[in-house]
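Undergrad: This is the structure, below, for whatever I ask next.
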Amino acid sequence: MYKTDLNPDPFDSPEGQELFRCIKVLAQQNFPLSWKETSYITQATGFILENGWTTLAQAHAMCPGGVQRILSENGIIR
1 MYKTDLNPDP
11 FDSPEGQELF
21 RCIKVLAQQN
31 FPLSWKETSY
41 ITQATGFILE
51 NGWTTLAQAH
61 AMCPGGVQRI
71 LSENGIIR
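Under full-length UniProt numbering, think of the first position of the sequence shown as 1, with each following residue one higher.
Right under this line is the structure:
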């Protein structure tokens, strides 16, 4: 069988799934009563993956202001 998807969805990768889980935990910690809206978690995860970063630490190291902004705008952090 040949691999037909040359551009796989980064959310499907183990790194993408782990990043989503990390951002979800961050949202749960900061907003324990209202974190259940996962579209914001997905949007923040997508921003980080789209920039080629696979961990929060890597994203913070490369672009701390942008990551802080996207996480706060999406209700992940205060």
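By construction, the Cβ of each residue, glycine as well, lies at the ideal position given by its N, Cα and C atoms.
1) Hey, quick one: how far does the alpha helix (DSSP H) through residue 36 stretch, first residue to last?
2) With DSSP run on the structure shown, which of helix, strand or coil describes residue 65?
3) For residue 7 versus residue 40, is the C-beta distance shorter than 8 Å?
4) So what does DSSP say about residue 84, is it helix, strand or coil?
5) How big is the Cα-Cα spacing for residue 36 and residue 15?
6) Determine, using beta-carbon pairs with one atom in the segment 61–69 and one in the segment 26–34, whether at least three such pairs fall under 8 Å.
7) Buried or exposed for residue 27, please, with buried defined as at least 16 other CB atoms from any protein chain shown within 10 angstroms of its CB.
TA: Taking the coordinates as given:
1) Segment: none, residue 36 is in no alpha helix (DSSP H) and carries neither H nor E.
2) Helix at residue 65.
3) No, the Cβ-Cβ distance between residue 7 and residue 40 is not below 8 Å.
4) What the structure shows of the chain is the stretch from 1 to 78, and residue 84 is not part of that stretch, so it cannot be assessed.
5) Straight-line measurement puts the Cα of residue 15 at about 21 Å from the Cα of residue 36.
6) The segment 61–69 makes no contact with the segment 26–34; the number of CB pairs closer than 8 Å stays below 3.
7) Buried is the call here.
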